[in-house]
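Trainee: Let me begin by handing over the structure; questions about it come next.
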């Protein structure tokens, strides 16, 4: 996994820690106004070890306020790797802590089929629907490897370890079944968006608002 700092490192400002979904890169957030937040992004699930462990340890040891946004399979990744952090707010978007799960995630059979019949262009179509023309950013060079890594890791049964303050569910999501969000006990917000929601979100403040 990689960590990328998208803003100058200003210790006096709150940190927005963002876990992306598989195969997406930090450039996908270019349309979102970061406002007063420093922003660090976790992405690239070819391996489930941090490429820059010192950068992750710096976040773990930080005394600043940390706000979490996790999207898609990033919700599962945040639950696995960031549950030891104390968050001011934690928002899950179009994903669940269980990731790949018969009832509370993407069904295992569906996920396995997406590997065996891998079609990345079709996946992108599902992610964006009518917003595909706006996606002028790079994707992972090894998306299938990311899928395989996540599927292998899913064999370890997950438990929710984060106190989520809000879950956002897109009405037009065709990647994560909206019914999977029934696992959350926090307030829910529905939005009119596809699986990739960030073209419909103007700012981090909009995401954190309850």
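Numbering (this note's numbering), first residue to last: 28 to 237.
Think of the CB as a built atom: it goes at the ideal place given N, C-alpha and C, for glycine as much as any other residue.
Bear in mind the structure is a predicted one, so any value in this text is a computation, not a measurement.
(1) In the DSSP assignment, find the unbroken alpha helix (DSSP H) run with residue 207 in it and report its ends.
(2) Whose CA, out of 227, 186 and 225, lies closest to the CA of residue 107?
(3) Please name the residue in 216, 118, 139 and 80 whose C-alpha comes closest to that of residue 29.
(4) In the DSSP assignment, what residue or residues form a beta bridge with residue 71?
(5) Let's test the definition: count the other Cβ atoms within 10 Å of the Cβ of residue 105 and tell me whether it reaches 16, buried, or not, exposed.
(6) Run through DSSP, which three-state label would residue 188 get?
(7) Grab the span of the beta strand (DSSP E) containing residue 118 for me, first residue to last.
(8) Starting from residue 196, trace the beta strand (DSSP E) both ways and give me its first and last residue.
(9) Along the chain, where does the alpha helix (DSSP H) containing residue 137 start, and where does it finish?
(10) Exposed or buried, residue 78, counting other C-beta atoms within 10 Å across all chains shown (16 or more means buried)?
(11) Can you say whether residue 201 is buried or exposed, counting buried as having 16 or more other CB atoms within 10 angstroms of its CB?
(12) Give me the DSSP bridge partner(s) of residue 29.
(13) Looking at the unbroken beta strand (DSSP E) that takes in residue 93, where does it start and where does it end?
(14) Measure the beta-carbon distance from residue 118 to residue 193 and round it to whole angstroms, keeping in mind my assumption that it falls under 8 Å.
(15) Closer than 8 Å is the cut-off here; do at least three beta carbon pairs connect the stretch 131 to 150 with the stretch 165 to 179?
Mentor: On the basis of the supplied data:
(1) Against the chain shown, residue 207 aligns to sequence position 180. Segment: none, residue 207 is in no alpha helix (DSSP H) and carries neither H nor E.
(2) Residue numbering aside, residue 107 sits at position 80 when the chain shown is read from its first letter. When each option's Cα is compared against that of residue 107, the closest is 186.
(3) Translated into positions along the chain shown, residue 29 becomes position 2. The shortest Cα separation from residue 29 among 216, 118, 139 and 80 belongs to 80.
(4) Working through the chain shown from its first residue, we reach residue 71 at position 44. In the DSSP assignment, residue 71 forms no beta bridge with any residue.
(5) Here the question's residue 105 lines up with position 78 in the chain shown. Of the other Cβ atoms in all chains shown, 16 or more fall within 10 Å of the Cβ of residue 105; this residue is therefore buried.
(6) Reading the chain shown from its first residue, position 161 is the one you call residue 188. Residue 188 falls in the coil class under three-state DSSP.
(7) Counting from one through the chain shown, the residue named residue 118 turns up at place 91. It spans 116 to 120 - the beta strand (DSSP E) in which residue 118 sits, taken as one unbroken run.
(8) Here residue 196 refers to the residue found at position 169 of the chain shown. Segment 193 to 197, the beta strand (DSSP E) holding residue 196.
(9) Your numbering for residue 137 matches position 110 in the chain shown. Note, residue 137: alpha helix (DSSP H), 135 to 143.
(10) By one-based count along the chain shown, residue 78 stands at place 51. With fewer than 16 other Cβ atoms within 10 Å, it is exposed.
(11) Within the chain shown, the letter at position 174 stands for residue 201. Of the residues assessed, residue 201 falls on the exposed side of the cut-off, its CB having fewer than 16 other CB atoms within 10 angstroms.
(12) Here the question's residue 29 lines up with position 2 in the chain shown. The partner list for residue 29 (beta bridge, DSSP) reads 70.
(13) For this step, residue 93 is matched to residue 66 along the chain shown. Element bounds for residue 93: 93 to 98.
(14) As a first step, residue 118 is located in the chain shown; it is residue number 91 there, counting from the start. As a first step, residue 193 is located in the chain shown; it is residue number 166 there, counting from the start. Right, their Cβ atoms sit about 5 Å apart.
(15) Touching, per the Cβ criterion.
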